[in-house]
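Participant: Residue numbers (my numbering): 556 to 681. Just so you know, even glycine gets a beta-carbon here, dropped at the ideal spot from N, CA and C. Just so you know, these numbers come straight off a predicted model, no measurement behind them. Mind having a look at this structure? Questions to follow.
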């Protein structure tokens, strides 16, 4: 599947399971919500203290299975390289009190997992 087509699917569907690698190599799975930015990178908000964040600091690669709200039906898997971005530095839009919002993001240790899609599928069905 073309990575642009996969990104379009993620723009419309936000429920997913992200897979990261534990220190022993086994997968660690987490349910998440996600979106895609203007550069077709997947964005997931999480906490600095989350297990997936620690896993991604050690091995910055992830796989994501994204599905519709109905769960059954269409789905997309994407894989890619990960960057961890401090959340309060990447926000946009309107908020009544930006200073309070930024302080909350720092206090809650929020980070953005940003995945550059390098592979997408499925390419076949069975």
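1) Between the alpha carbons of residue 617 and residue 628, how many angstroms are there, rounded?
2) Is it buried or exposed for residue 566, if we count other Cβ within 10 angstroms and need 16 for buried?
3) Can you tell which of 596, 571 and 673 has its C-alpha closest to the C-alpha of residue 625?
4) With distances taken from CA atoms, which of 578, 580 and 584 is nearest residue 619?
5) Check whether the Cβ atoms of residue 635 and residue 608 lie closer than 7 Å to each other.
6) Just grab the DSSP bridge partners of residue 559 for me.
7) Kindly indicate which three-state DSSP category residue 564 falls into: helix, strand or coil?
8) In angstroms, rounded to a whole number, what distance separates the CA positions of residue 569 and residue 579?
9) Go ahead and pull the three-state DSSP assignment for residue 632.
10) So residue 623 is in the beta strand (DSSP E); what residue range does that whole segment cover?
11) Rounding to the nearest angstrom, what Cα-Cα distance links residue 602 and residue 556 in this structure?
12) Between residue 637 and residue 668, which are expected to be in contact by the criterion C-beta below 8 Å, what is the C-beta distance as a whole number of angstroms?
13) Taking the C-alpha atoms as reference points, what is the distance between residue 599 and residue 561?
Facilitator: Concretely, from the data shown:
1) Residue mapping note: residue 617 aligns to position 62 of the chain shown, counting from 1. Residue mapping note: residue 628 aligns to position 73 of the chain shown, counting from 1. Distance between the alpha carbons of residue 617 and residue 628 is about 23 Å.
2) Counting from one through the chain shown, the residue named residue 566 turns up at place 11. Exposed is the call here.
3) Walking along the chain shown from the start, residue 625 turns up at place 70. Comparing Cα positions, the closest option is 571.
4) Within the chain shown, numbered from 1, the residue matching residue 619 stands at position 64. Ranking 578, 580 and 584 by Cα distance to residue 619 puts 584 first.
5) By one-based count along the chain shown, residue 635 stands at place 80. By one-based count along the chain shown, residue 608 stands at place 53. In this structure, residue 608 does not lie closer than 7 Å to residue 635 by Cβ.
6) The residue labelled residue 559 in the question sits at position 4 within the chain shown. None; residue 559 has no bridge partner.
7) Counting from one through the chain shown, the residue named residue 564 turns up at place 9. Residue 564 falls in the helix class under three-state DSSP.
8) The residue you call residue 569 lines up with position 14 of the chain shown. The residue you call residue 579 lines up with position 24 of the chain shown. Rounded to whole angstroms, residue 569 to residue 579 spans 29 Å at the Cα level.
9) As a working note, residue 632 is residue 77 in the chain shown. In the structure shown, residue 632 sits in a strand (DSSP, three-state: E or B).
10) As a working note, residue 623 is residue 68 in the chain shown. Here residue 623 belongs to no beta strand (DSSP E), and DSSP marks it neither H nor E.
11) Here residue 602 refers to the residue found at position 47 when the chain shown is read from its first residue. Here residue 556 refers to the residue found at position 1 when the chain shown is read from its first residue. Cα to Cα, residue 602 sits roughly 31 Å from residue 556.
12) Position 82 of the chain shown, counting from 1, holds the residue named residue 637. Position 113 of the chain shown, counting from 1, holds the residue named residue 668. About 6 Å; that satisfies the 8 Å criterion.
13) As a working mapping, residue 599 is identified with position 44 in the chain shown. As a working mapping, residue 561 is identified with position 6 in the chain shown. Taking the straight line joining both Cα atoms gives about 16 Å.
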